[in-house]
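The sequence shown begins at 1 in UniProt numbering and counts up by one.
Don't be surprised by glycine CBs; every beta carbon is placed ideally from N, CA and C.
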Amino acid sequence: MATIERNGNVLAHHVTPGEGPGVVFLGGFKSDMNGTKALALEDWARRNGRAFLRLDYSGHGASGGTFAAGAIGDWYEDALAVIEAVTAGPQVIVGSSMGGWIALLIARHHPARVAGLVTIAAAPDFTEDGYWAGFSEDQRARLLAEGQLSVPSDYGDPYVITRRLIEEGRDRLLLRGPLHLPFPVRMLQGTADDAVPVATAMRLLEHAEGPDMRLTLVKGADHRFSAPDELALIERSVEDVLARLGEGQTK
């Protein structure tokens, strides 16, 4: 594990050397770089001699900072800082859930750094369209008055949703304006995902513009998207993007 520093926080990451274009994995909300998908993809990269990067945003995993202090823009800047520091040239970015939103932000603002995208249950705009839209009037009032709100999670302790997370997220929304993705894009989505509905994947596919975009729905797959067949599909999707770039599946 290596680290860099950004905005007073140490950002942990792990680099697997190999050929380019490299592959970058961006995890989800309150996840870390030691998750099943990240490690499986790292193993694939090692077997195929492909450069690979996984990382922890501030307040996540082994990185410094606190989760409740962060917001989408912070985690986007964290990811970009690590990518800029330790990779060269365009990368194939694999974004899971919130990581899909962050990957799309990088694609919008730094397209020269993106060779292609693979998203897994991408969750663009979830702070607004998921949390804020789903809160009751009482929850919204408490969030605005107290600055934070605890909500149940299927993955352990309740999530602390802050007023800053909601308000800062409004500056990062992607589905309200043009989103051009001029490279191969493969979107993966489970039909049994209780966190990110199929409707979100369809909305993203219809909203974004690009010459080579595909959405694959996996019947019965949930938000974890970590069963063996699902992990293999992620790997094949990365290989497909690389093949579209003229790299072939492996070297």
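* Asked: CA-CA distance, Arg223 and Glu19?
  -> Working through the sequence shown from its first residue, we reach residue 223 at position 223. Working through the sequence shown from its first residue, we reach residue 19 at position 19. It should be noted that the sequence gives His, not Arg, for residue 223. Within the model, the alpha-carbon separation for His223 versus Glu19 is close to 31 Å.
* Asked: Can you find a CB in chain D that lies within less than 7 Å of the CB of Gly59?
  -> Protein chains in the displayed structure number just one, and chain D is not present.
* Label Asn7 either buried or exposed according to how many other C-beta atoms from any shown protein chain fall within 10 Å of its C-beta, with 16 as the threshold for buried. => Start at 1 with the first residue of the sequence shown, and residue 7 comes out as number 7. Its Cβ having fewer than 16 others within 10 Å, Asn7 is exposed.
* DSSP state of Glu174, grouped into three classes? -> To locate residue 174, count along the sequence shown from 1; it is residue 174. First, the amino acid is wrong: residue 174 is Leu here, not Glu. Of the three classes helix, strand and coil, the one that applies to Leu174 here is coil, per DSSP.
* CA-CA distance, Leu215 and Leu105? -> Indexing the sequence shown from 1 puts residue 215 at position 215. Indexing the sequence shown from 1 puts residue 105 at position 105. Near 19 Å, if we compare the C-alpha coordinates of Leu105 and Leu215.
* Just reading off the beta strand (DSSP E) that Pro21 is part of, what are its end residues? -> The residue given as residue 21 occupies position 21 in the sequence shown. Following the DSSP letters along the chain, one finds Pro21 inside the beta strand (DSSP E) bounded by residues Glu19 to Leu26.
* Asked: In the DSSP assignment, what are the bridge partners of His13?
  -> Counted from its first residue, the sequence shown places residue 13 at position 13. Secondary-structure assignment with DSSP links His13 through a beta bridge to Ala2 and Leu55.
* Residue nearest to Arg203 in terms of C-alpha spacing, selected from Pro21, Ala121 and Asp56 -> The residue you call residue 203 lines up with position 203 of the sequence shown. Of the candidates Pro21, Ala121 and Asp56, the one whose C-alpha sits nearest the C-alpha of Arg203 is Ala121.
* What three-state label does DSSP hand Tyr159 in the structure shown? -> Here the question's residue 159 lines up with position 159 in the sequence shown. In the structure shown, Tyr159 sits in a strand (DSSP, three-state: E or B).
* Counting pairs of beta carbons, one from the segment 28 to 35 and one from the segment 88 to 98, are three or more of them closer than 8 Å? -> Yes, the segment 28 to 35 touches the segment 88 to 98.
* **CB of Thr3 within 7 Å of CB of Ala45, strictly** => As a working note, residue 3 is residue 3 in the sequence shown. As a working note, residue 45 is residue 45 in the sequence shown. Taking 7 Å as the Cβ cut-off, Thr3 and Ala45 do not qualify as a contacting pair.
* **Unbroken beta strand (DSSP E) run spanning Gly190, endpoints** => In the sequence shown, the residue the question calls residue 190 occupies position 190. Its beta strand (DSSP E) spans residues Val185 to Gly190.
* To do: Could you say if the segment 101 to 120 and the segment 68 to 77 meet the contact criterion of at least three C-beta pairs nearer than 8 Å?
  => The segment 101 to 120 is in contact with the segment 68 to 77.
* Asked: If we ignore side chains and look at the alpha-carbon of each, how far apart do Gly248 and Glu128 end up?
  -> Along the sequence shown, read from residue 1 onward, the residue named residue 248 stands at position 248. Along the sequence shown, read from residue 1 onward, the residue named residue 128 stands at position 128. Here Gly248 scores only 41 on pLDDT, less than 50, and its place in the model is too uncertain to base an answer on.
* **Beta-carbon proximity check, Leu80 vs Asp125, cutoff 7 Å** => Translated into positions along the sequence shown, residue 80 becomes position 80. Translated into positions along the sequence shown, residue 125 becomes position 125. The answer is no: Cβ separation not under 7 Å.
* Asked: What residues are listed by DSSP as bridge partners for Met213?
  -> Reading the sequence shown from its first residue, position 213 is the one you call residue 213. Beta-bridge pairing links Met213 to Val185.
* When DSSP labels each residue in this structure, what does Ala195 get in the three-state scheme? -> Along the sequence shown, one-based indexing puts residue 195 at 195. In this structure, Ala195 counts as coil in the three-state DSSP scheme.
* **Alpha carbon of Val49 to alpha carbon of Leu144, nearest angstrom** => Indexing the sequence shown from 1 puts residue 49 at position 49. Indexing the sequence shown from 1 puts residue 144 at position 144. Residue identity differs from the one stated: residue 49 is Gly in this sequence, not Val. So the two alpha carbons sit approximately 50 Å from each other.
* Asked: Which partner residues of Val86 appear in the DSSP bridge assignment?
  -> By 1-based counting over the sequence shown, the position of residue 86 is 86. None; Val86 has no bridge partner.
* To do: Would you mind reading off the limits of the beta strand (DSSP E) that contains Thr119?
  => As a working note, residue 119 is residue 119 in the sequence shown. Per DSSP, Thr119 belongs to the beta strand (DSSP E) from Val114 to Ile120.
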